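Colleague: I am attaching a structure below and will ask some questions about it afterwards.
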Amino acid sequence: MPAITLPDGSVRQFDAPVTGTEIAAAIGPGLAKAALAMQVDGATRDLATPIAGNAAVRFITRRDPEALELIRHDAAHVLAEAVQDLFPGTQVTIGPAIEHGFYYDFARNEPFTPEDFGRIEARMREIVARNAPFVRSVMPREQAIEFFQEKGEKYKAELIRDLPETEEISLYSQGEWVDLCRGPHMRGTGDVGTAFKLMKVAGAYWRGDHRNAMLSRIYGTAWRDQKELDAYLHQLEEAEKRDHRKIGKEMDLFHLQEEAAGSVFWHPKGWKLYRTLEDYLRRRLDAHDYREVRTPQLLDRKFWEASGHWEKFRHAMFIARVEDEAEKDRVLALKPMNCPCHVQIFNQGLRSYRELPLRMAEFGSCHRYEPSGALHGIMRVRAFTQDDAHIFCTEEQIAAETVAFVDLLSSIYRDLGFPEFRVKFSDRPATRAGTDAVWDQAEGALKEACRIAGIDYTLNPGEGAFYGPKLEFVLRDAIGRDWQCGTLQVDFVLPERLDAEYVAEDGSRRRPVMLHRAIFGSFERFLGILIEQYAGRFPLWLAPVQVVVATIVDEAAPFAREAAAALQKAGLRVDLDLRNEKINRKVVDHIDQRVPVLAVVGRREAEEGALVLRRLPGREQVTLPLAEAVAQLVAEATPPDRVVAAG
RNA sequence: GCCGACAUAGCUCAGCGGUAGAGCAACUGAUUCGUAAUCAGUAGGUCCCCAGUUCAAUCCUGGGUGUCGGCACCA
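The opening position of the first sequence corresponds to residue 0 in numbering that gives the first Met the number 0, with each subsequent residue numbered one higher.
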């Protein structure tokens, strides 16, 4: 005798097991029409699921946010049917809902091309219009395997074989077409609606393993209505405009070229931005008792053998030799990481426990031979500079150092316009160094530190470094892709390998723990993210060109030069625009160049010794005497770590 | 690295089996102008690289390289 509790608290009694469809009908025809699926005690179910016992039921209609996932999942099924209709012999594999849409992976000898999208979408619309009901059925395991095997669907058969014994094997049909699926689904294909669009094709390894066959993946997006779809497509277009590769070119910040794939050519403006960021970070690190060092780029193979990199990391290292006959057997490698070098500095002389924690920092230039397909603008490159540091400390100091680090990182991210970031906690991987007891301690210390620092993290199981657990600080780019920037890794292994030790209070020799940590991760990646975050319109203190002094008439040029010199002398980054162009044109050009402040000088200003300041891309302007304008801009351009609180 | 697409003037992009065009930028000249593109003229290209097919290749074929989108890998 199920008693069904509804979200408003009311309870309905039924004298026999009921389905969601029946409950909705009992409540009213409006709901019966609108309900797509339901949540039974918090779990999403098909409307057709019978409920035998007491339960809390909530119906999901198109208006609910949960509807999106259902629409997308169902759209994946509709896509699969359409593709199998149009391309006989194609095998289906998996097709989940994802953020903003869905995809389906197909096994087919011929790849799909975007030119196929029109036909596939048209077929999908027919299937939606037909509105075949989704019907769930259950099949015994062996029978299900045989069923898919006979249809030639060997991937589906493999999926079933690998499902746990306890798992019920469910199939969903939509008319003639059947797929293995856990569900839940909406009532029928018609509920998918028409606000969907196929977006791209891509290769994807079966089960995400590069040793497996490559499948053809079709990505689509799906929304509750056309308005949402249009808004999403518009948002994508807007995001593309923020792409750091596009802005980097438009603002003349950097370029990349084929002879140095994965290495950045920084142009004057881009390098100014880079240096501004570096100067800022250096000040912050100095203030937090980091000691900056500089270590070699090229080191002998023997060194990397001792550190373990030759064995574990050689595939990603650039190797160098010299012509000299006497030296011809010597193999050198460009450093892919700074840590072993920092241990060398630590190992010079005998260290005392009194020196710990020792925070050794380097803006370390590293080279890694990244897979060609991984390169991405300046965010994933082969030559990059880490804002690296290694904290040599005792096990007892791990928590306090972590808290201090997270605190510093949050403050820096805030200063740079990232008040929000995500943290991932990666714990012990399957193959690892160190005993379980050591791992327990390292993970425990890191978790405790997160708790103290008030950091919420998501667990990233088994993704830690082989030497220790790590925190990853993730920022998102304009296109919605996540990038690991900051990191903190606990390492008990390298000090052992490279024989680092200190003299403890009791006179014994002990191993320090190393905390590997970075805030930007790499300058290249962080600058890429920063460019996208601001769409190139940096706050004044970061902008590579802060002010452009522009003349209206040639007559004003002498004063414009004088004003630019005064601004420059005050430490501002200034350009002068004396071109024989109308002021309208100059305004447009400097908006395009994302210059934050335009200082206009006409005949009047030249006579009065004043500047008309306009904050681009705004339209407001204010006229100020030169000295005042300089003072105001200098104040405004003060880096956040140098702002003295008013009071 | 894998799957697919792409590579034409400084930039954004057209185009075609008979060795190329537009807009903007550049340069020259005119104009001296008050806050979202002044006018006119000039110049500019191994059509990514290497082979092959063809009377003829920027275009077709093959192989490279790079870029882009995914996958895999990772800061």
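C-beta atoms are modelled at their ideal positions from N, C-alpha and C, and glycine is treated no differently.
No experiment lies behind these values; they were computed from the predicted model shown.
Is His314 buried or exposed, if buried means 16 or more other CB atoms sit within 10 Å of its CB?
Modeller: Residue mapping note: residue 314 aligns to position 315 of the first sequence, counting from 1. Per the 10 Å Cβ criterion, exposed.
Colleague: If you measure between the beta carbons of His254 and Ala36, is that distance less than 9 angstroms?
Modeller: Residue mapping note: residue 254 aligns to position 255 of the first sequence, counting from 1. Residue mapping note: residue 36 aligns to position 37 of the first sequence, counting from 1. In this structure, Ala36 does not lie closer than 9 angstroms to His254 by Cβ.
Colleague: Does the stretch 201-211 touch the stretch 219-235, meaning 3 or more C-beta pairs lie closer than 8 angstroms?
Modeller: Cβ pair count under 8 angstroms is below three, so no.
Colleague: What are the partner residues of His389, as DSSP defines its beta bridges?
Modeller: By one-based count along the first sequence, residue 389 stands at place 390. Met359, His515, per the DSSP bridge assignment.
Colleague: Are the beta-carbon atoms of Ile551 and Gly601 separated by less than 9 angstroms?
Modeller: The residue given as residue 551 occupies position 552 in the first sequence. The residue given as residue 601 occupies position 602 in the first sequence. Taking 9 angstroms as the Cβ cut-off, Ile551 and Gly601 qualify as a contacting pair.
Colleague: When DSSP labels each residue in this structure, what does Thr550 get in the three-state scheme?
Modeller: For the purposes of this step, residue 550 is taken as residue 551 along the first sequence, with counting starting at 1. In this structure, Thr550 counts as strand in the three-state DSSP scheme.
Colleague: Within 10 angstroms of the Cβ of Pro339, are there 16 or more other Cβ atoms? Answer buried if so, exposed if not.
Modeller: Walking along the first sequence from the start, residue 339 turns up at place 340. By the 10 Å Cβ count, Pro339 comes out buried.
Colleague: Determine the burial state of Leu541: buried for a count of at least 16 other Cβ atoms within 10 Å of its Cβ, exposed for fewer.
Modeller: To locate residue 541, count along the first sequence from 1; it is residue 542. So Leu541 ends up on the buried side.
Colleague: Report yes or no: do three or more beta-carbon pairs, one from the stretch 187-203 and one from the stretch 130-142, lie closer than 8 angstroms?
Modeller: A contact exists between the stretch 187-203 and the stretch 130-142.
Colleague: Measuring alpha carbon to alpha carbon, tell me which residue in His76, Glu354, Arg11 is nearest Glu504.
Modeller: Residue numbering aside, residue 504 sits at position 505 when the first sequence is read from its first letter. Of the candidates His76, Glu354, Arg11, the one whose C-alpha sits nearest the C-alpha of Glu504 is Glu354.
Colleague: If Ile126 sits next to Leu85, beta carbons under 8 angstroms apart, how far is it from one beta carbon to the other, in whole angstroms?
Modeller: Mapped onto the first sequence, residue 126 falls at position 127. Mapped onto the first sequence, residue 85 falls at position 86. Incorrect: roughly 11 angstroms between the Cβ atoms, too far for contact.
Colleague: Given a threshold of 16 other Cβ atoms within 10 Å of its Cβ, counted over all protein chains shown, does Glu361 qualify as buried or as exposed?
Modeller: In the first sequence, counting from the first residue as 1, residue 361 sits at position 362. With 16 or more other Cβ atoms within 10 Å, it is buried.
Colleague: For Pro356 and Val402, what's the separation of their Cα atoms in angstroms?
Modeller: Reading the first sequence from its first residue, position 357 is the one you call residue 356. Reading the first sequence from its first residue, position 403 is the one you call residue 402. Distance between the alpha carbons of Pro356 and Val402: 13 angstroms.
Colleague: When the distance is taken between beta carbons, is Ile246 closer than 9 angstroms to Leu78?
Modeller: In the first sequence, counting from the first residue as 1, residue 78 sits at position 79. In the first sequence, counting from the first residue as 1, residue 246 sits at position 247. It is not a contact, given that the beta carbons lie outside the stated cut-off.
Colleague: Assuming Leu597 and Ala549 form a contact by the criterion Cβ under 8 angstroms, report the distance between their Cβ atoms to the nearest whole angstrom.
Modeller: Position 598 of the first sequence, counted from the start, is the residue given in the question as residue 597. Position 550 of the first sequence, counted from the start, is the residue given in the question as residue 549. Right, their Cβ atoms sit about 6 angstroms apart.
Colleague: Taking Tyr103 and Ala143 to be in contact with their CB atoms under 8 angstroms, please state how far apart those CB atoms are, rounded to whole angstroms.
Modeller: Here residue 103 corresponds to residue number 104 of the first sequence, with the count starting at 1. Here residue 143 corresponds to residue number 144 of the first sequence, with the count starting at 1. The pair is not a contact, with the Cβ atoms about 20 angstroms apart (cut-off 8 angstroms).
Colleague: Below 8 angstroms on the Cβ atoms is my guess for Ala23 versus Ala31; work out the distance and round it to an integer in Å.
Modeller: One-based indexing of the first sequence puts residue 23 at position 24. One-based indexing of the first sequence puts residue 31 at position 32. Indeed they touch by this definition, with Cβ atoms about 5 angstroms apart.
Colleague: On the criterion of 16 or more Cβ atoms from any shown chain inside 10 Å, does Ile168 qualify as buried, or is it exposed?
Modeller: In the first sequence, residue 168 corresponds to position 169, counting from 1. By the 10 Å Cβ count, Ile168 comes out buried.
Colleague: Considering only their Cβ atoms, is the gap separating Phe111 from Val91 smaller than 9 angstroms?
Modeller: As a first step, residue 91 must be located in the first sequence, where it is residue number 92. As a first step, residue 111 must be located in the first sequence, where it is residue number 112. Not closer than 9 angstroms, so no.
Colleague: Between Gly485 and Leu408, how many whole angstroms is the CB-CB distance? I'm expecting something under 8 angstroms.
Modeller: On the first sequence, position 486 is the one that residue 485 refers to. On the first sequence, position 409 is the one that residue 408 refers to. Rounded, the Cβ-Cβ distance is 5 angstroms, consistent with contact.
Colleague: Within this structure, are the beta carbons of Pro113 and Ala51 separated by less than 9 angstroms?
Modeller: Looking up residue 113 in the first sequence gives position 114. Looking up residue 51 in the first sequence gives position 52. Not closer than 9 angstroms, so no.
Colleague: Grab me the residues of Phe312's own chain with a C-beta within less than 7 angstroms of its C-beta, minus the 5 sequence neighbours each way, in chain order.
Modeller: Working through the first sequence from its first residue, we reach residue 312 at position 313. Taken in chain order, the residues that qualify are Pro335.
Colleague: Per DSSP, what kind of secondary structure is Ala412 in: helix, strand or coil?
Modeller: The residue given as residue 412 occupies position 413 in the first sequence. It should be pointed out that residue 412 corresponds to Tyr in this sequence rather than to Ala. DSSP places Tyr412 in helix when its eight states are reduced to three.
Colleague: For Tyr102, report the span of its beta strand (DSSP E) as first-last.
Modeller: In the first sequence, the residue the question calls residue 102 occupies position 103. From DSSP, the beta strand (DSSP E) with Tyr102 extends over 100-106.
Colleague: Please list, in chain order, all residues of the same chain as Val473 whose beta carbon is under 8 angstroms from its beta carbon, the five residues on each side excluded.
Modeller: Here residue 473 corresponds to residue number 474 of the first sequence, with the count starting at 1. These residues qualify, in order along the chain: Phe420, Arg421, Val422, Lys423, Asp481, Trp482, Gln483, Cys484.
Colleague: For Leu5 versus Ala66, is the C-beta distance shorter than 9 angstroms?
Modeller: Here residue 5 refers to the residue found at position 6 when the first sequence is read from its first residue. Here residue 66 refers to the residue found at position 67 when the first sequence is read from its first residue. Contact: no.
Colleague: Determine the contact status of Pro468 and Trp438, defining contact as a CB-CB distance below 9 angstroms.
Modeller: Here residue 468 corresponds to residue number 469 of the first sequence, with the count starting at 1. Here residue 438 corresponds to residue number 439 of the first sequence, with the count starting at 1. Yes, they are a contact pair.
Colleague: Using the C-alpha atoms, what's the distance from Lys446 back to Phe404?
Modeller: Here the question's residue 404 lines up with position 405 in the first sequence. Here the question's residue 446 lines up with position 447 in the first sequence. Roughly 14 angstroms between the two C-alpha positions.
Colleague: Assign Lys268 to buried or exposed, taking buried as 16 or more other Cβ atoms, counted over all protein chains shown, within 10 Å of its Cβ.
Modeller: Along the first sequence, one-based indexing puts residue 268 at 269. Under this definition Lys268 is a buried residue.
Colleague: What distance in whole Å lies between the Cβ atoms of Gly219 and Gly100, which are believed to be in contact at a cut-off of 8 angstroms?
Modeller: Here residue 100 refers to the residue found at position 101 of the first sequence. Here residue 219 refers to the residue found at position 220 of the first sequence. With a Cβ gap of about 5 angstroms, Gly100 and Gly219 count as contacting.
Colleague: Hey, could you find the ends of the beta strand (DSSP E) Phe537 is sitting in?
Modeller: Numbered from 1 along the first sequence, position 538 holds the residue referred to as residue 537. Counting along the chain, Phe537 falls outside any beta strand (DSSP E), and DSSP gives it neither H nor E.
Colleague: Looking at the strands, I want to know which residues DSSP matches up with Ala36.
Modeller: Residue numbering aside, residue 36 sits at position 37 when the first sequence is read from its first letter. Ile59.
Colleague: Within 10 Å of its beta-carbon, does Val586 have 16 or more other beta-carbons around it, so buried, or fewer, so exposed?
Modeller: The residue given as residue 586 occupies position 587 in the first sequence. By the 10 Å Cβ count, Val586 comes out buried.
Colleague: Inspect the beta-carbon positions of Ala464 and Gln488 and report whether they are closer than 9 angstroms.
Modeller: Position 465 of the first sequence, counted from the start, is the residue given in the question as residue 464. Position 489 of the first sequence, counted from the start, is the residue given in the question as residue 488. Result yes, Cβ atoms of Ala464 and Gln488 sit closer than 9 angstroms.
Colleague: Rounded to the nearest angstrom, how far is the Cβ of Ala332 from that of Phe317, given a contact under 8 angstroms?
Modeller: Counted from its first residue, the first sequence places residue 332 at position 333. Counted from its first residue, the first sequence places residue 317 at position 318. Confirmed, Cβ separation roughly 7 angstroms.
Colleague: For Met123, name the three-state secondary structure that DSSP assigns.
Modeller: Position 124 of the first sequence, counted from the start, is the residue given in the question as residue 123. Met123: helix per DSSP, three-state reduction.
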